[in-house]
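Everything below concerns the one structure shown next.
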Amino acid sequence: MKVAVLLAGFFAVLVGASTTTAAEAGSRAGVAPASVSTSVSKPSVSKPAYPAVFSLPDGFQPEGIAIGPGSAAYFGSRLTGAIYRVDLRTGQGRIIDPGPGTPSLGLKVDERGRLFVAGGTGSNARVIDTRSGKVLASYQLATGTAFVNDVVLTRDAAYFTDSANPVLYKLPFGRGGALPDEAVKVPLSGDIVYTTGNNANGIAPTPDRKALLVVQSNTGKLFRVNPSTGVATLVDIGTESLVNGDGLLLEGRTLHVVQNRLNTLTSLSLNRDATSGKVVRKLVDGRFDVPTTIAPFRDRLYLPNARFTTTPTPTTTYNVVAVKRH
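Those letters in the sequence shown? Residues -22 to -1, 1 to 304, per mature numbering (1 follows the signal peptide of the UniProt record, and there is no 0), in order.
Printed below as a string of structure tokens:
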């Protein structure tokens, strides 16, 4: 009987020892016990790198886009002419130039970090240092009614379209890319005929780099323009129409045309001298809300939504969307 009692007590001690908590064990070993929390932690949420959609400032009224050098993207306001720079890695940005109070429409940036800006109804063009935001040069291109709409850069000049007047404005570069004192007018002639509405709009080089391509928004026609003479020749695209054609982007022999109010990105395959072309893709994306212009970066094409069909207010929201490049 005594032996049984002793054995029972012995096993009770063993059981008690086996139920020592981890905290107690750690304390005995000289390790501080871990705290126990009953709350449920939430996973951290971070914005994706290189977002496919990002916002511009409320009320900004964007039009043009230019990208580079690197992941810097630039957007112009058709309201104030402000220039907004965005880091495509984050979608975050800031104003680098408050603008002259007249529109900033088509944009192009060169390898020197100079941003060329088409001034719309301001009838002007500006060149901005993207590092400092300083205006390097300003040109009054016309004295009467004008609509300086878009710009393209070639090896030796910048060319601007005017949707109200049949003319290109040329800024010929000097040695080392030096900017000129004044612009040169290149009157348009040949097949292009200006009518009521928005005429010459987007502009791009031909695949052979010997001429320029210009889309006429109101007629839906595409022209090959001799940059020296201004003579325009109709590009044969069959029965296709590029009506509402806005920004142009040439990649190899593929010409991308933003048809703004149609919410469509149309791609054409051109022959080398761009005398003819064939539509190979029409992209309609549910995120499009009257996109106007286009610029490439990595495997994407970026388009700002101008939202022309939405009445603009100081609180109207605007964004930029990216689509796959191919």
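All residues carry an ideal CB built from backbone N, CA and C; glycine is no exception.
Item, Value
"Helix, strand or coil at GLY154 according to DSSP, with G and I counted as helix", "helix"
"Any non-hydrogen atom of the ligand NAD closer than 6 Å to VAL171 Cβ", "In the structure on display, the ligand NAD does not appear, and there are no ligands present to speak of."
"Chain-order list of residues whose beta-carbon lies under 6 Å from that of GLY111 (same chain, five-residue window excluded)", "ILE74 and ASP75"
"LEU227 beta carbon less than 7 Å from that of ILE272", "yes"
"At least three beta-carbon pairs within less than 8 Å, the region 261 to 278 to the region 216 to 225", "yes"
"Contact set for GLY285: own chain, Cβ-Cβ below 6 Å, skip 5 residues either direction", "Looking at the sequence itself, residue 285 is Arg, so the reference to Gly does not match. ASP267 and VAL268, listed in sequence order."
"VAL87 to ALA44 span [Cα, whole Å]", "6 Å"
"Assigned exposure category for ALA206 - 16 Cβ within 10 Å defines buried", "Sequence check: residue 206 is Ser here, not Ala. Exposed, by the Cβ-count rule."
"Proximity below 7 Å, CB of SER245 to CB of LYS256", "no"
"DSSP state of ASN238 mapped onto helix, strand, coil", "helix"
"Closest residue to SER101 among GLY91, ARG90, GLY79 and GLU89 (Cα-Cα distance)", "GLY79"
"Distance between ARG67 and GLN194 (C-alpha atoms, nearest Å)", "34 Å"
"Beta-carbon proximity check, GLY42 vs GLY54, cutoff 7 Å", "yes"
"Opposing strand residues paired with GLY59 [DSSP bridges]", "In the DSSP output, where bridge partners are listed per residue, GLY59 has none listed."
"Buried versus exposed, by CB contacts within 10 Å (16 or more), LYS188", "exposed"
"Distance between GLU89 and GLY46 (C-alpha atoms, nearest Å)", "8 Å"
"Burial state of PRO292, where buried means 16 or more other Cβ atoms lie within 10 Å", "exposed"
"Three-state secondary structure (DSSP) of VAL76", "Going by the sequence as given, residue 76 is Pro instead of Val. Three-state DSSP puts PRO76 in coil, outside helix and strand."
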